[in-house]
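Working notes, structure below.
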Amino acid sequence: MKNKEVADILDRMGTLLEIKDENIFKIRAYHKAADNISALSEDIETVRAENRLAEIPGVGKALVEKISEYLDKGKMSAYEKLVKEVPETILDVVNIPSVGPKKAKLFYDELKVKSVGDLKKAAEQGRLLGLPGIQQKAVDNILQGIKVVAAGQERMNLGKATAVAEEIIGQLTKQKEVKRVSAAGSLRRCKETVRDIDILVESSEPAKTMEAFVSLPQVKKVNAHGETKSSILTGDNVQVDVRIVEPKSFGAALLYFTGSKNFNVKIRQIAQKKDMKVNEYGIFSVKNEREKYLAGKTEEECLEALGLAYIPPELREDIGEKDLFSGKKPPRLVELKDIKGEIHVHSTWSDGKNTIEEMAAKAEELGYGYLAISDHSARLKIAGGVSPEDLLKKKKEIDGLNKKLKGFRILFGTEVEIDSEGNLDYDEKILSGFDVVVASVHTGFEQPKQRLTSRIVRACQNKYVTAIGHPTGVHLGKREPYDVDFKEICKVAVETNTALEINAFPVRLDLNSSNAYYAREKGVKFVIDTDAHATRHMEYMRFGISIARRAWIEKSQVLNTLTVEKFLKAIKN
DNA sequence: GCCGTTTTCGGCCCGACTGTTTTCAGTCG
195 MKNKEVADIL
205 DRMGTLLEIK
215 DENIFKIRAY
225 HKAADNISAL
235 SEDIETVRAE
245 NRLAEIPGVG
255 KALVEKISEY
265 LDKGKMSAYE
275 KLVKEVPETI
285 LDVVNIPSVG
295 PKKAKLFYDE
305 LKVKSVGDLK
315 KAAEQGRLLG
325 LPGIQQKAVD
335 NILQGIKVVA
345 AGQERMNLGK
355 ATAVAEEIIG
365 QLTKQKEVKR
375 VSAAGSLRRC
385 KETVRDIDIL
395 VESSEPAKTM
405 EAFVSLPQVK
415 KVNAHGETKS
425 SILTGDNVQV
435 DVRIVEPKSF
445 GAALLYFTGS
455 KNFNVKIRQI
465 AQKKDMKVNE
475 YGIFSVKNER
485 EKYLAGKTEE
495 ECLEALGLAY
505 IPPELREDIG
515 EKDLFSGKKP
525 PRLVELKDIK
535 GEIHVHSTWS
545 DGKNTIEEMA
555 AKAEELGYGY
565 LAISDHSARL
575 KIAGGVSPED
585 LLKKKKEIDG
595 LNKKLKGFRI
605 LFGTEVEIDS
615 EGNLDYDEKI
625 LSGFDVVVAS
635 VHTGFEQPKQ
645 RLTSRIVRAC
655 QNKYVTAIGH
665 PTGVHLGKRE
675 PYDVDFKEIC
685 KVAVETNTAL
695 EINAFPVRLD
705 LNSSNAYYAR
715 EKGVKFVIDT
725 DAHATRHMEY
735 MRFGISIARR
745 AWIEKSQVLN
755 TLTVEKFLKA
765 IKN
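Take the position in the first sequence, starting the count at 1, then add 194; the result is the number in my numbering.
Okay, structure coming up:
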C-alpha cells in the first residue's frame, strides 16, 4: 500500500508551497487531498489501475497526473522541482511547535535556516532575536519545541490515550463547579492512534476549574492558560487541552472539537446552504443579516437543527461518510453489550498470566456466556507453546471445569502458528479436536508480499481454521503491518467462511478501521478478541468494538455476538 | 488545485491564545 507515501508527499508539497507563499486555497487543496488519500480504505495502486483516482474527493485532473506519475516512476517531478526551490529539511523546521510556515520562511530568508539543527544554533546564538515579531519568549518557545520533538512526541495508541484521559476526566469531575466533562477529538472518534487529548468541560466557575486543571499532579508544563482554553504537557509528554464552554454551547462545542476536521467542514457547508452558521457556540440562523441561536446544548439537538440524524463519533471520518449527510439514519453499529464471548485469550498453559479458571471467571464477570482458551501452539516456544501431549491435559482441565459451570462454557481453542510455508503447527487430527482454531502469523514478517499472502490464504483454506488472528501483524509505534494482498485475503476469507479478527489489544488494533471497513464491504465476517494474556486485558474489548464501529460494522457481522450454540453453528465445521 | 441542483469562474470553515503589538499576524486545532 502506497497510500501513506502518496499522502505524505502531497502534505509535504502543501507545506512547501505555503513557505513559497502560494495561494492559500491551492495549499489547502494539497492537504485536503492528502487527508482523503490517507483515509482511503482501498489500495491507491488498485484505484489507479482502475482509473478511479479522480473519484477520490479533492483529487482533480492535476493531482491525478502527479499521483500517477509518482506511482509509475516512484518520483514526482513537481515535488522534485519544489525541493530545489525550498530545501526539504525545512519541513522538519515547520514541524517544531510554535513554528509554522511563515516563521520557517522568515528564518530561511533572513538567516538561511535550512534545518532544525540550523534553527537550534540560530536560537542559541541569539540571532533569531529582533527579527520581525520575534522576542525572547518566542525564542524560548522554539528551543522548548525542539526539545519536545527530540523527545519523540509520537502518536500514542488508543489504550494509552484513554487511560490518560480518563484519569484527568476523573479528577476534573471531582470539582464541585464542574457539571459535564467529555473527551473530544480523535480520542472520542476512537482513532487507533491519538496525538493529543482534548477534553471539554462545562463549569459554573471556569477560572477555578482551569486553575485546578493546570495544577494537577501530572502536569509537567503549562503551554497555555486562558479562561476558556488551556493546554498542558504531562510527565510523559502527552499534550492535554481543556476547553470550558457554557451549557448552551456544550453540544456545539463537543461536535466541533470532536471533528474530524473534514467532518466539520461538511457540517458547515450544509449549514451554509440552509442559511445557517455553525461554530463552537451553537447553530445559528443568519437570515437577513441577523443571527439567531437555534441549538447548542447537546450534539443531538445541533444535528437535528441541521436536519441530520445523530451520527456516532466513530463515523465522523472521511470513510463511508457519503450517506451521512443526507439526513438518513446511520446503521445500528455493534456495541460492547452485544458481545457474548470471545475466542482468543491465553492462559498459563502458554504465556498467559492467569489460569483457565481465572480467565473464565473474568469472562463471566463481563457477562459473557463462553470463552475459548486459545493458547499458542507448540512451535512458538518463546511463548510457551502447548505440545500435543499437553493439549490432552489441557482438554481434560477444561472438561472438568465445564462440568462445574452453569450457563457458561469454556471452549477448547488454540492460536496455531502459520509457519513460513503456510502450514499449520498441528496436524489435521489434532486440529479437528478443537472447538475453535485461530491461526496467526508470528514469524517471517519480512517475506515478500506474494509469499505472506499465500501463507494466510492457505490457512483460510484449512477446514478447521475459524479465524485469522491479528491479520496484518501491525504493532503500533513499533512495527508496520506486513506486506500482504489484503484484497486477496478478504476474497478467500469470504469463500472459505473464515472470520478475520479485530484484535482489541491496544498495541495491535488489527485489523485497523480502514481494513475492517474494506473487509466488511466485501462480506467478511469478524470476531472481536482481546488476545488477553491476563484477566484485566479482557477489558480491552471496548477498543476492538470502537474499531469495528469505525468500520461501520453491525452486530450481525460479528460472530462473537452470537450465543455459544449459534456461534459454533456459524463457524466453519 | 478543486468544484458545481442557480456557477466552468469565483468561491473555498471558524475562533482562541500567544506574543508581539497598540490592532494584528501566526499558529493551532
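By construction, the Cβ of each residue, glycine as well, lies at the ideal position given by its N, Cα and C atoms.
All of these numbers come straight from a predicted model, not from anything done at the bench.
Select from the options the residue whose C-alpha is nearest the C-alpha of residue i.
i: H669; options: I662, H636, R652, R649; result: H636
i: V480; options: R462, T492, L497; result: R462
i: K486; options: N473, I328, E494; result: N473
i: R603; options: D593, V610, E611; result: D593
i: I340; options: S380, E360, V287; result: V287
i: E498; options: R484, L509, G476, E511; result: G476
i: A489; options: A447, N431, V200, S409; result: A447
i: V601; options: S614, Q365, E559, L618; result: Going by the sequence as given, residue 601 is Gly instead of Val. Of the candidates S614, Q365, E559, L618, the one whose C-alpha sits nearest the C-alpha of G601 is E559.
i: Q365; options: E405, K590, V688; result: E405
i: N720; options: E733, Y734, R702, N691; result: Inspection of the sequence shows that residue 720 is occupied by Phe rather than by Asn. The candidate whose alpha carbon is nearest that of F720 is N691.
i: N456; options: T283, H225, S750, R743; result: H225
i: L530; options: N706, N431, M732, R484; result: M732
i: S424; options: T403, F444, G579; result: T403
i: A557; options: E640, A728, S614, D621; result: A728
i: K588; options: N289, G607, K260; result: G607
i: G252; options: E274, L285, Y273, A201; result: A201
What did DSSP end up calling residue i once you bin it into helix, strand or coil?
i: Q433; result: strand
i: K414; result: strand
i: N706; result: coil
i: T608; result: strand
i: T387; result: strand
i: K763; result: helix
i: L210; result: helix
i: K341; result: helix
i: L448; result: helix
i: R603; result: strand
i: K657; result: coil
i: D392; result: strand
i: K373; result: strand
i: I438; result: strand
i: A745; result: coil
i: S424; result: strand
i: A572; result: coil
i: A378; result: strand
i: H225; result: helix
i: L234; result: coil
i: S271; result: helix
i: P409; result: One point to set straight first is that residue 409 is Ser, not Pro, in the sequence displayed. Three-state result, S409: coil.
i: S581; result: coil
Kindly list the residues whose CB is nearer than 6 Å to the CB of residue i, restricted to its own chain and excluding five residues on each side of it in sequence; keep chain order.
i: E263; result: M270
i: C684; result: A713, K716, V718
i: L211; result: I221
i: V375; result: I363, L366, T367, V395
i: L769; result: For the chain, the structure presents residues 195 to 767; residue 769 sits outside this window and is missing.
i: A687; result: C654, L694, V718
Under 7 Å Cβ to Cβ from residue i, same chain only, skipping five residues before and after it: list those, please.
i: G663; result: H538, E609, V632, A633, S634, E695, N697
i: I362; result: I393, L410, V434
i: R510; result: R383, T452, G453, S454, F457
i: G616; result: S648, R649, R652, A653
i: E591; result: I550
i: P524; result: A503, I505, P506, L509, L518
i: V408; result: V416, H419, S424, I426
i: K196; result: I238, E239, L265
i: G412; result: First, the residue type needs correcting, since residue 412 is Gln and not Gly in the sequence shown. Contacts found: T428, G429.
i: L595; result: I550, E551, A554, I604
Leaving out five residues on either side along the sequence, give the residues of the same chain with a beta carbon under 8 Å from the beta carbon of residue i.
i: D823; result: This structure does not reach residue 823, given that the chain is present from 195 up to 767, and the question cannot be answered.
i: Q644; result: D679
i: K373; result: E396, S397, S398, P441
Less than 7 Å separating the Cβ of residue i from some heavy atom of the ligand NAP?
i: L618; result: Annotation note on the ligand NAP: not contained in the displayed structure, which lists no ligands.
| said: Within 8 Å, do at least three Cβ pairs link the stretch 205-220 to the stretch 245-252? | reply: Taking one beta carbon from each stretch, the stretch 245-252 and the stretch 205-220 have fewer than 3 pairs nearer than 8 Å; the two do not touch.
| Are three or more beta carbon pairs between the stretch 229-240 and the stretch 293-302 nearer than 8 Å? | Result no; under three Cβ-Cβ pairs closer than 8 Å.
| field | Inter-stretch contact (C-beta, 8 Å, three-pair minimum) for the stretch 529-547 and the stretch 568-588 | value | Cβ pair count under 8 Å is three or more, so yes.
| Is the stretch 750-767 in contact with the stretch 529-541, if contact means three or more CB pairs nearer than 8 Å? | Result yes; three or more Cβ-Cβ pairs closer than 8 Å.
| task | Spell out a yes or no on whether the stretch 717-725 and the stretch 502-512 are touching, meaning 3 or more CB-CB pairs, one atom from each, closer than 8 Å. | result | No contact exists between the stretch 717-725 and the stretch 502-512.
| Touch check for the stretch 377-393 and the stretch 408-420: three-plus C-beta pairs under 8 Å? | Output reads no: the stretch 408-420 does not touch the stretch 377-393.
| Taking the runs of the beta strand (DSSP E) that are 3 residues or longer, which of them lie wholly in the stretch 525-569? | DSSP runs (the beta strand (DSSP E)) wholly in the stretch 525-569: 535-539.
| task | Quick one: which unbroken beta strand (DSSP E) runs of 3-plus residues sit fully inside the stretch 662-735? Chain order, please. | result | Counting whole runs of 3 or more residues, the stretch 662-735 contains the beta strand (DSSP E) stretches 693-697, 720-723.
| task | Ignoring anything shorter than 3 residues or poking outside the stretch 454-524, list the beta strand (DSSP E) runs there in chain order. | result | The DSSP assignment places complete beta strand (DSSP E) segments of no fewer than 3 residues inside the stretch 454-524 at 470-473, 476-479, 486-489, in order along the chain.
| request: For the stretch 278-353, list the alpha helix (DSSP H) runs that are entirely contained and at least 4 residues long, ordered along the chain. | output: Restricted to the stretch 278-353, the alpha helix (DSSP H) segments that are unbroken, complete and at least 4 residues in length are 284-288, 295-305, 310-318, 330-344, listed in chain order.
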